[in-house]
Amino acid sequence: MAQAWAFLLPVLVFGSYVTSLFFPSYISGPLCGGDGGGRSLFLCAQAPKDQDPSPAVSTMYKTAFHFQPAKNWMNELSGPMYFNGFYHEFYQYNLNGPIFGDIVWGHSVSTDLVNWIGLEPALVRDTPSDIDGCWTGSVTILPGGKPVIIYTGGDKDQHQAQNIAFPKNRSDPYLREWIKAANNPVLRPDEPGMNSIEFRDPTTGWIGPDGLWRMAVGGELNGYSAALLYKSEDFLNWTKVDHPLYSHNGSNMWECPDFFAVLPGNNAGLDLSAAIPQGAKHALKMSVDSVDKYMIGVYDLQRDAFVPDNVVDDRRLWLRIDYGTFYASKSFFDSNKNRRIIWGWSRETDSPSDDLEKGWAGLHTIPRTIWLADNGKQLLQWPVEEIESLRTNEISHQGIELNKGDLFEIKEVDAFQADVEIGFELASIDDADPFDPSWLLDPEKHCGEAGASVPGGIGPFGLVILASDNMDEHTEVYFRVYKSQEKYMVLMCSDLRSLP
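Quick note on numbering: the UniProt record's numbering labels position 489 of the sequence shown as 489, and the sequence is numbered without any gaps.
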């Protein structure tokens, strides 16, 4: 694997343009317990013994901006929340190694979503209803400021059910210990038409106009993928509603559903249990087909159901949260700053043998504030403002003119990671190729067909990043401009090249 890297501007540029480059920050210094360049956001000095890094853990490719434990396997987020001055991040974690298995709830806390303190696992596999794993779930704050975890557990036969846990001591600012309810599991998939091994990932609860709690669980019902809807008076005893929150025939099982309210053109967050302002919409997110998709619609209180604005039978037309490696995302209402925050699991492309060699696997994306666009049709997102605290050592280039095929190398960046802002000014877009509406069904497929080496009317132009000295290994992030009737469409692609 190549070890010399550079940040380069496009290898292939078609059409002249002026570009402005701004490298607002890069991080230097050792990684968590290691010898690589970059700063870990995981505070290893305060991590428990089971999460301490060791010489066997390779830190060369660990991240600096993103959250990840010091070692071992991590996958999706579980139950993020803000409580008594701390942000809590729970996550699927293997205490025993860097491959999937033996899943418990890892637990870290932060005051700023940037620097994290690692704690002992909040939940471990120690009861009959979760001996196969403490799978994904959510946290809900009950009246009186009482947090409760509801999570999926698997029994010895891998049948799934929902379980509950409460903090042992709410005066502990870190909420380090959790006690499982004596009557776990509190919810089983025991009705006709349900699949007991596809029943998981409960959402955060919300209170309806009748004063009853609601919660959705990902599952299958009579062959349909569904966000199954349940009601409860006390959050302990649940009854299935006779219809799902929403269901669809023709997609795989929905993992990690998320349901929340948003207000067009307003980036303030909304608490789903509070009074929802007039004009608000609702978003239903599901993790399916290895990506996170969502629909915008309304929550019909009379029907107790989600109604999408556009009923779309073709799941390829559902909107994507992120076109990168982003899965099993989770959002929560941040009462501290009145915003909704979302982040997800990003899985590197290493093989299990690679993971065993480097001693870790998986990371979480940077947390983002998420809101509804002015047009009320799609979600927008931006990294949380706290990330600004990581910006140091600004490097800036302005007014660089490049012609077709020109290459401009940024030589000042010697860190493993950088935050890059770049703007392109095109001399003309009259030569843009026509846009084919069928590309909307699968933009990634079109990116693959029209790779970075295929010339177009306008583009490709962009960045080459993480490039080895001989360019055998690099990633191209590039753009193409298309004309669609009286407007223009911009396609953003990435193309990873690696050694054979």
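For each residue, glycine too, the CB sits at the ideal point set by N, CA and C.
Since the structure is predicted, the reported quantities are computational estimates derived from the model, not experimental observations.
- In summary, serine 138 is buried, with 16 or more beta-carbon neighbours lying within 10 Å of its beta-carbon over all protein chains present.
- The residue among Asn183, Ile422, Ser428, Phe479 with its C-alpha nearest the C-alpha of alanine 450 is Phe479.
- Residue pairing of tyrosine 230 in beta bridges, as defined by DSSP: Met215, Lys240.
- The C-beta of glycine 218 has 16 or more other C-beta atoms within 10 Å across all chains shown, which makes the residue buried.
- Rounded to whole angstroms, the separation of the alpha carbons of serine 484 and proline 437 is 8 Å.
- Residue burial annotation: tyrosine 246 is buried, with at least 16 other C-beta atoms found within 10 angstroms of its C-beta.
- Tyrosine 230 and glutamine 160 have their C-alpha atoms spaced approximately 16 Å apart.
- DSSP places glycine 106 inside the beta strand (DSSP E), whose first and last residues are 103 to 110.
- Rounded to the nearest whole angstrom, the C-alpha separation of phenylalanine 83 and proline 167 is 12 Å.
- Here aspartate 354 carries a helix assignment [DSSP, helix/strand/coil].
- Setting aside the 5 residues that flank it on each side, asparagine 310 has no residue in the same chain whose C-beta is closer than 6 Å to its C-beta.
- Inside the segment 76 to 156, DSSP marks whole beta strand (DSSP E) runs of 3 or more residues at positions 86 to 94, 103 to 110, 116 to 123, 133 to 142, 146 to 154, from first to last along the chain.
- CA-CA distance, tryptophan 439 to alanine 181, rounds to 50 Å.
- Counting along the chain, histidine 446 sits inside the alpha helix (DSSP H) bounded by residues 443 to 449.
- For proline 264, the three-state secondary structure derived from DSSP is strand.
- When Ile276, Ala261, Pro443, Asn393 are compared, the shortest CA-CA separation from valine 420 is found for Asn393.
- Burial is judged here by how many other beta carbons sit within 10 angstroms of a residue's own beta carbon; proline 192 has fewer than 16 and is exposed.
- DSSP, read as helix, strand or coil, puts proline 367 in coil.
- Restricting attention to Thr369, Tyr151, Gly97, Gly250, the CA atom closest to the CA of arginine 339 is found in Thr369.
- Secondary structure note for glutamate 401: its beta strand (DSSP E) is the uninterrupted segment 395 to 402.
- Taking 7 Å as the cut-off, the Cβ atoms of glutamate 412 and isoleucine 395 count as close.
- A distance below 7 Å separates the beta carbons of arginine 320 and lysine 293.
- In this structure, serine 389 sits away from alanine 328, with a CB-CB distance that is not shorter than 7 Å.
- Collapsing the DSSP output to three states places isoleucine 429 in coil.
- For leucine 119 against tyrosine 174, the beta-carbon gap comes to about 6 Å, under 8 Å, which counts as contact.
- Between the beta-carbon of proline 98 and that of leucine 356 there is about 6 Å, and that keeps the pair under the 8 Å contact cut.
- When only Cα atoms are considered, cysteine 134 and glutamate 348 end up about 23 Å apart.
- With respect to isoleucine 296, alanine 283 sits close: the two C-beta atoms are nearer than 7 Å.
- Inter-segment contact for the segment 260 to 273 and the segment 230 to 241 is absent: fewer than three beta-carbon pairs are separated by less than 8 Å.
- Its Cα nearest to that of glutamine 302, the residue Asp210 stands out among Leu402, Asn169, Asp210, Phe86.
- Taking a C-beta distance under 7 Å as the contact criterion, threonine 325 and phenylalanine 259 do not qualify as a contact pair.
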